[in-house]
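Going left to right, the sequence shown walks through residues 474 to 753 as our numbering numbers them. Notes follow once the structure below has been shown.
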Amino acid sequence: MSNSTFDPTKLFSAEGLVVVITGGGTGIGLMMATALENNRATVYIVGRRKEKFGKIIPLQGDVTSKESLSSLVSTIEQQSGHINLLINNSGIHGPAITHPKGPNKTIQDLQKALWEAPTDDFLSTFGVNVSGVYYTTVAFLNLLDKGNKKGGIHGVTSQVVTVSSIAAYRRDEGINGIAYSASKAAVTHLGKIFSSFLKEYDIRSNVIAPGIYPSEMSAQVFGDATIAELPRSIVPLGRMGTAEDMGSLILFLATHGGAYISGSIMTTDGARLTQFPSTY
Numbered sequence: 474m475s476n477s478t479f480d481p482t483k484l485f486s487a488e489g490l491v492v493v494i495t496g497g498g499t500g501i502g503l504m505m506a507t508a509l510e511n512n513r514a515t516v517y518i519v520g521r522r523k524e525k526f527g528k529i530i531p532l533q534g535d536v537t538s539k540e541s542l543s544s545l546v547s548t549i550e551q552q553s554g555h556i557n558l559l560i561n562n563s564g565i566h567g568p569a570i571t572h573p574k575g576p577n578k579t580i581q582d583l584q585k586a587l588w589e590a591p592t593d594d595f596l597s598t599f600g601v602n603v604s605g606v607y608y609t610t611v612a613f614l615n616l617l618d619k620g621n622k623k624g625g626i627h628g629v630t631s632q633v634v635t636v637s638s639i640a641a642y643r644r645d646e647g648i649n650g651i652a653y654s655a656s657k658a659a660v661t662h663l664g665k666i667f668s669s670f671l672k673e674y675d676i677r678s679n680v681i682a683p684g685i686y687p688s689e690m691s692a693q694v695f696g697d698a699t700i701a702e703l704p705r706s707i708v709p710l711g712r713m714g715t716a717e718d719m720g721s722l723i724l725f726l727a728t729h730g731g732a733y734i735s736g737s738i739m740t741t742d743g744a745r746l747t748q749f750p751s752t753y
C-alpha cells in the first residue's frame, strides 16, 4: 500500500482538466460545469444559446450536425489543444403519451394514444439522445487521445461521461415518454459499448443515470423546476437532487476518485427506481 495521505483536496481537484459539456447551459449540465470550473478545470459548454457563466466558456453548437461538431472540435483544438473529459448531456424529452383511463378503456383507445405520437418527434428524440451522443463522442476522440498524451491530471486518463436517465430502466405502464425512455436505454448501452471500443486507447466511458433534478425537463412534469421537497411516494428520500449531489458525483468521476472506473452506470435518484418495476 502506498503512503498516500488521502488528501481530499488532491483526490478531487479538477485542476488541469479541459472539459467539454454539451447542454451545459442549464440544469444538470450547468451544475456539472460549475462544479468543475469552481475546482479549477477549464470548461467549455456547448448549447443552442451562447450564454456566459463566469469563467465557463460558451460555444454554440448542434450535436445532431456533423458540420457543427467538426467546427466545435476545431475551435477547441485551437484554444486548448486537447480535452480530458467529454460530458454528453444534451437531451430532449420527445413526445408524451396520454394514457387512456377508466374502466371501459379498450385496446383501440391505447392504440390511438400510442399512434398519435408524431413520427418526426419520435425520431428526433433518438436523433438527439442517441445519435447525437454517438457522433459527439466520435468527433472528440482525437482530442481525448491528445488529452492522454499532453496533459490533465497524472494517473487520470481521458474519459467520456454520458448523462442518461433512470427512465432507461423503467418498464411500468406509467411511462408517458416512451421515446425518451427507450432512447435513454439505448444511450446507456452505447456508453458501455464505448468503454469496450476505447479501452486500448486508455479512454474510459461511464454513464450517469439521474432521477429528478431541477431542470427545464422536470419543470414540464412538475410545473416548477425549483421544487425542493417531493412526496416520498415519488422519491423515497423526499426531495429532488441538488447541485451539490450532481457536482460531487462529477468531481468524483472526473478526478483521482474515479480514475479506476470505466463501463459503469452511476444512478443518482434518491431511490426513485425502487418505486417501479425496472430492469436495473
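A virtual CB, placed ideally from N, CA and C, is assigned to each residue, including glycine.
> My guess is that TYR653 and HIS566 are in contact by the Cβ rule of under 8 Å, so how many angstroms apart are they, rounded?
Replying inline: The residue given as residue 653 occupies position 180 in the sequence shown. The residue given as residue 566 occupies position 93 in the sequence shown. Contact flag correct, Cβ pair sits at about 5 Å.
>> Does PRO481 pass the burial test, meaning 16 or more other C-beta atoms within 10 Å, or should it be called exposed?
In response: Translated into the one-based positions of the sequence shown, residue 481 becomes position 8. Around the Cβ of PRO481, a 10 Å sphere holds fewer than 16 other Cβ atoms; the residue is exposed.
> For the putative contact between PRO687 and GLY500, defined by C-beta atoms under 8 Å, what is the C-beta separation to the nearest angstrom?
Replying inline: As a first step, residue 687 is located in the sequence shown; it is residue number 214 there, counting from the start. As a first step, residue 500 is located in the sequence shown; it is residue number 27 there, counting from the start. 7 Å between Cβ atoms; contact.
>> For a cutoff of 8 Å on Cβ pairs, would you count GLU488 as touching chain C?
In response: Here there is only one protein chain, and chain C is not present.
> Where in the segment 695-736 do unbroken runs of the alpha helix (DSSP H), each at least 4 residues long, occur, reported from the N-terminal end onward?
Replying inline: Fully enclosed alpha helix (DSSP H) runs of 4 or longer: 716-727.
>> Counting C-beta neighbours from all protein chains within 10 Å, is the total for ASP647 16 or more, i.e. buried, or is it exposed?
In response: By 1-based counting over the sequence shown, the position of residue 647 is 174. Looking at the sequence provided, one finds Gly at residue 647 rather than Asp. That one is exposed.
> From the DSSP output, which residues share a beta bridge with PRO531?
Replying inline: Taking the sequence shown and counting its residues from 1, one reaches residue 531 at position 58. Paired residues: ILE518.
>> Among the candidates MET505, ALA506 and ALA514, whose CA atom is the shortest distance from the CA of GLY625?
In response: The sequence position of residue 625 within the sequence shown is 152, counting from 1. The candidate whose alpha carbon is nearest that of GLY625 is ALA514.
>> Using CA atoms only, rank isn't needed, just tell me which of GLY664, ILE666, TYR642 and PHE667 is closest to ALA655.
In response: Along the sequence shown, one-based indexing puts residue 655 at 182. Considering only alpha carbons, the answer is TYR642.
> Thinking C-beta only, is VAL660 closer than 8 Å to VAL606?
Replying inline: Translated into positions along the sequence shown, residue 606 becomes position 133. Translated into positions along the sequence shown, residue 660 becomes position 187. Closer than 8 Å, so yes.
>> Would GLY534 and LEU542 qualify as a contact pair, given that the criterion is a beta-carbon distance under 8 Å?
In response: Counting from one through the sequence shown, the residue named residue 534 turns up at place 61. Counting from one through the sequence shown, the residue named residue 542 turns up at place 69. Taking a C-beta distance under 8 Å as the contact criterion, GLY534 and LEU542 qualify as a contact pair.
> Below 8 Å, can you find three or more Cβ-Cβ pairs linking the segment 503-519 to the segment 488-495?
Replying inline: These segments touch.
> Mapping DSSP to helix, strand and coil, what is ARG745?
Replying inline: Mapped onto the sequence shown, residue 745 falls at position 272. Reduced to three states, the DSSP call for ARG745 is helix.
> What is the rounded straight-line gap between the Cα of ASN649 and the Cα of MET719?
Replying inline: Counting from one through the sequence shown, the residue named residue 649 turns up at place 176. Counting from one through the sequence shown, the residue named residue 719 turns up at place 246. So the alpha carbons of these two residues sit roughly 25 Å apart.
>> By the DSSP assignment, the beta strand (DSSP E) with VAL492 in it spans what residues?
In response: In the sequence shown, residue 492 corresponds to position 19, counting from 1. Taken as a continuous stretch (DSSP letters only), the beta strand (DSSP E) holding VAL492 covers 491-495.
>> Comparing C-alpha positions only, which one of TYR674, ALA682, GLU673 and ILE651 sits nearest to GLY664?
In response: Locating residue 664 in the sequence shown gives position 191, counting from the first residue. By alpha-carbon distance to GLY664, the top candidate from TYR674, ALA682, GLU673 and ILE651 is ALA682.
>> If I follow the unbroken alpha helix (DSSP H) through PRO481, where does it start and stop?
In response: Numbered from 1 along the sequence shown, position 8 holds the residue referred to as residue 481. 481-484 is the extent of the alpha helix (DSSP H) around PRO481.
> For ASN561, which of helix, strand or coil comes out of DSSP?
Replying inline: To locate residue 561, count along the sequence shown from 1; it is residue 88. DSSP places ASN561 in strand when its eight states are reduced to three.
>> On the DSSP letters alone, give me the boundaries of the alpha helix (DSSP H) that SER544 sits inside.
In response: As a working note, residue 544 is residue 71 in the sequence shown. Its alpha helix (DSSP H) spans residues 539-553.
> According to DSSP, is PHE599 helix, strand or coil?
Replying inline: For the purposes of this step, residue 599 is identified with residue 126 of the sequence shown, where counting begins at 1. Taken through DSSP and simplified to helix, strand or coil, PHE599 comes out as helix.
> Considering VAL536, what are the terminal residues of the beta strand (DSSP E) in which it resides?
Replying inline: Residue mapping note: residue 536 aligns to position 63 of the sequence shown, counting from 1. Segment: none, VAL536 is in no beta strand (DSSP E) and carries neither H nor E.
> With C-beta atoms as the reference, is ASN557 less than 8 Å away from GLY620?
Replying inline: Position 84 of the sequence shown, counting from 1, holds the residue named residue 557. Position 147 of the sequence shown, counting from 1, holds the residue named residue 620. Their beta carbons are under 8 Å apart, which means ASN557 touches GLY620 by this criterion.
> Considering ALA682, what are the terminal residues of the beta strand (DSSP E) in which it resides?
Replying inline: By one-based count along the sequence shown, residue 682 stands at place 209. Residue range 677-683 is occupied by the beta strand (DSSP E) that includes ALA682.
> Which same chain residues, not among the five before or five after ILE676, have their C-beta less than 6 Å away from its C-beta?
Replying inline: Position 203 of the sequence shown holds residue 676. In the same chain as ILE676, and ignoring 5 residues on each side of it, the C-beta atoms closer than 6 Å to its own belong to LEU617 and SER631, in chain order.
> Quick one: what does DSSP say ILE570 is sitting in, helix, strand or coil?
Replying inline: If you number the sequence shown from 1, residue 570 lands on position 97. Here ILE570 sits in coil by DSSP.
>> Please tell me whether THR635 and VAL680 are closer than 8 Å, where the distance is taken between their beta carbons.
In response: The residue labelled residue 635 in the question sits at position 162 within the sequence shown. The residue labelled residue 680 in the question sits at position 207 within the sequence shown. Yes, they are a contact pair.
> Quick one: is TYR733 buried, meaning 16 or more other Cβ sit within 10 Å of its Cβ, or exposed?
Replying inline: Translated into positions along the sequence shown, residue 733 becomes position 260. Flag for TYR733 reads exposed.
> So, helix, strand or coil for VAL660, using DSSP?
Replying inline: Translated into positions along the sequence shown, residue 660 becomes position 187. In this structure, DSSP gives VAL660 a helical state, which the three-state scheme calls helix.
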